[in-house]
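Colleague: Chains as they are written, first to last, in our numbering: chain A, 1 to 142; chain B, 1001 to 1142.
1) Name the two residues that bound the continuous alpha helix (DSSP H) containing residue 148 of chain A.
2) Shortest alpha-carbon distance to residue 53 of chain A belongs to which of A:39, A:81 and A:20?
3) Checking the sheet assignment: what are the DSSP bridge partners for residue 1122 of chain B?
4) Might you give, ordered along the chain, the residues of its own chain that have their beta carbon closer than 6 Å to the beta carbon of residue 24 of chain A, omitting 5 neighbours on each side?
5) Which first and last residues belong to the alpha helix (DSSP H) in which residue 1103 of chain B is found?
6) Any Cβ of chain B within less than 8 Å of the Cβ of residue 92 of chain A?
7) Which partner residues of residue 1113 of chain B appear in the DSSP bridge assignment?
8) Quick one: does residue 72 of chain A have its CB under 8 Å from some CB of chain B?
9) Under the rule that 16 or more other beta-carbon atoms within 10 Å means buried, what is residue 11 of chain A, buried or exposed?
10) Mind the definition here: the stretch 54-61 of chain A touches the stretch 1078-1095 of chain B only if three or more C-beta pairs lie below 8 Å; say whether that holds.
11) Residue 1043 of chain B lies in the beta strand (DSSP E); which residues open and close that run?
12) List the residues of chain B that residue 50 of chain A touches, going by C-beta distances under 9 Å, in chain order.
13) Quick check: the Cα distance between residue 1022 of chain B and residue 107 of chain A, rounded to an integer number of angstroms?
14) Of the choices B:1118, B:1103 and B:1109, whose alpha-carbon is the least far from that of residue 1038 of chain B?
15) Pull up the CB-CB distance for residue 1128 of chain B and residue 8 of chain A, whole angstroms please, since I reckon it's below 8 Å.
16) Would DSSP call residue 147 of chain A helix, strand or coil?
17) Reducing DSSP to helix, strand and coil, say where residue 67 of chain A ends up.
18) So the beta strand (DSSP E) residue 1089 of chain B belongs to, where does it begin and stop?
19) Return helix, strand or coil for residue 1016 of chain B, following the three-state DSSP convention.
20) Between residue 1131 of chain B and chain A, is there a C-beta pair that is closer than 8 Å?
21) Check each candidate in A:111, A:110 and A:116 and name the one with the smallest Cα separation from residue 45 of chain A.
22) Does the separation of the CB atoms of residue 1098 of chain B and residue 1063 of chain B fall below 8 Å?
23) Using beta-carbon positions only, say whether residue 1034 of chain B and residue 34 of chain A come within less than 8 Å of one another.
24) Hey, would you say residue 1119 of chain B sits closer than 8 Å to residue 1125 of chain B, going by beta carbons?
25) When DSSP labels each residue in this structure, what does residue 73 of chain A get in the three-state scheme?
26) Can you tell me which of B:1075, B:1110 and B:1113 puts its alpha carbon nearest to the alpha carbon of residue 1050 of chain B?
27) Where does residue 28 of chain A land, buried or exposed, given buried means 16+ other C-beta within 10 angstroms?
28) Tell me whether the beta-carbon of residue 31 of chain A lies closer than 8 Å to the beta-carbon of residue 1043 of chain B.
29) Figure out for me which residue from B:1121, B:1134 and B:1093 has the closest Cα to the Cα of residue 1110 of chain B.
30) Return the CA-CA distance between residue 36 of chain A and residue 1041 of chain B, expressed in angstroms with no decimal places.
31) Roughly how many angstroms separate the alpha carbons of residue 176 of chain A and residue 1140 of chain B, rounded to a whole number?
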């Protein structure tokens, strides 16, 4: 399906369910989803979605991933309160990656930092960057 | 290693090789890498790197991925001429995703569009967006 779409002209519309059915889910039935903050363009995190997570996200407008460590749906912010609301969902050219444009409340990262990409390569070292906005002990105290 | 780093204070430095050795490569020895255009914040694409691709990217400053379809190193732009130069490499909190801040020449997408995320979910349809900057027939004619 995605090969065929490549040459379609701008504004062509394809049925959503057909596209979602055709995504290239991996052996675990998952596709990676990048979360980017609306407006600022900040890349917040990357996590995984299965078809159920995707359906729920589109239905509720609140981003829901599949937690690979807990093997269950993970409604972002369900324990930390730092929810992610969906503004727009984009799919890449070969249907194997999603880009969610979101509105993220507070820190997206479980470490209490705004985003997960706080380790920066600088020469022969990796430097910790990013301020801890909320102590994880407070984020997950409930 | 990444669990330990979480609580380290800002500007802490960790040896690069130790970090790269500790990345959570999947069963194929790969980690996903998001490419984001420097300055504009545009998310261009997501592809995969193995340790060799990562080493080469850091050494040469030109982004090199692992092509899963061709099972070989893929120096972005080697056939299309649309190269990706590395400005900065970031690693996420649990060491399983990379974020490359790049300077992309022309279209990043093999369809000739600037980025790969040109399919947008709108209600019950997926709409094709994004202009084809260079006809793929011209991009890959050599």
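C-beta: ideal position from N, C-alpha, C; glycine also.
Please read all numbers here as calculations on a predicted model, not as lab measurements.
Modeller: In short, the structure shows the following:
1) Residue 148 of chain A falls outside the range modelled here, since chain A spans only 1 to 142, and no answer is possible.
2) For the residues A:39, A:81 and A:20, the minimum Cα distance to residue 53 of chain A belongs to A:20.
3) B:1125.
4) Here residue 24 of chain A has 95 and 96 as same chain residues with Cβ atoms under 6 Å from its own Cβ, once five neighbours each way along the sequence are excluded.
5) Unbroken run through residue 1103 of chain B is the beta strand (DSSP E), 1098-1104; no alpha helix (DSSP H).
6) Yes, contact with chain B.
7) Answer is B:1132.
8) False, the Cβ-Cβ gap to chain B never drops below 8 Å.
9) Taking all protein chains shown into account, residue 11 of chain A has fewer than 16 neighbouring C-beta atoms within 10 Å of its C-beta and is therefore exposed.
10) At 8 Å Cβ cutoff, the stretches do not touch.
11) Counting along the chain, the beta strand (DSSP E) containing residue 1043 of chain B begins and ends at 1043-1049.
12) In chain B, no part has a C-beta under 9 Å from the C-beta of residue 50 of chain A; the shortest such distance is about 17 Å.
13) Between the alpha carbons of residue 1022 of chain B and residue 107 of chain A lies a gap of roughly 25 Å.
14) Checked all of B:1118, B:1103 and B:1109; the closest Cα to residue 1038 of chain B is B:1103.
15) With a Cβ gap of about 5 Å, residue 1128 of chain B and residue 8 of chain A count as contacting.
16) Nothing about residue 147 of chain A can be reported from this structure: the residues present for chain A run from 1 to 142 only.
17) In the three-state reduction of the DSSP assignment, residue 67 of chain A falls in the strand class, which pools E and B.
18) Start and end: 1084-1091.
19) If DSSP states are grouped into helix, strand and coil, residue 1016 of chain B belongs with the helices.
20) Interface residue, yes.
21) Nearest option by C-alpha distance: A:116.
22) No. Outside cutoff.
23) Yes. Within cutoff.
24) For residue 1119 of chain B and residue 1125 of chain B, no; Cβs fall outside 8 Å.
25) Three-state DSSP puts residue 73 of chain A in a strand.
26) Taking the Cα of residue 1050 of chain B as reference, the smallest distance to any Cα among B:1075, B:1110 and B:1113 is reached at B:1075.
27) So residue 28 of chain A ends up on the exposed side.
28) Their beta carbons are not under 8 Å apart, which means residue 31 of chain A does not touch residue 1043 of chain B by this criterion.
29) From the listed residues B:1121, B:1134 and B:1093, the smallest Cα separation to residue 1110 of chain B is found for B:1134.
30) Cα to Cα, the separation comes out at about 9 Å.
31) No information on residue 176 of chain A is available, as it lies outside the stretch 1 to 142 that chain A covers here.
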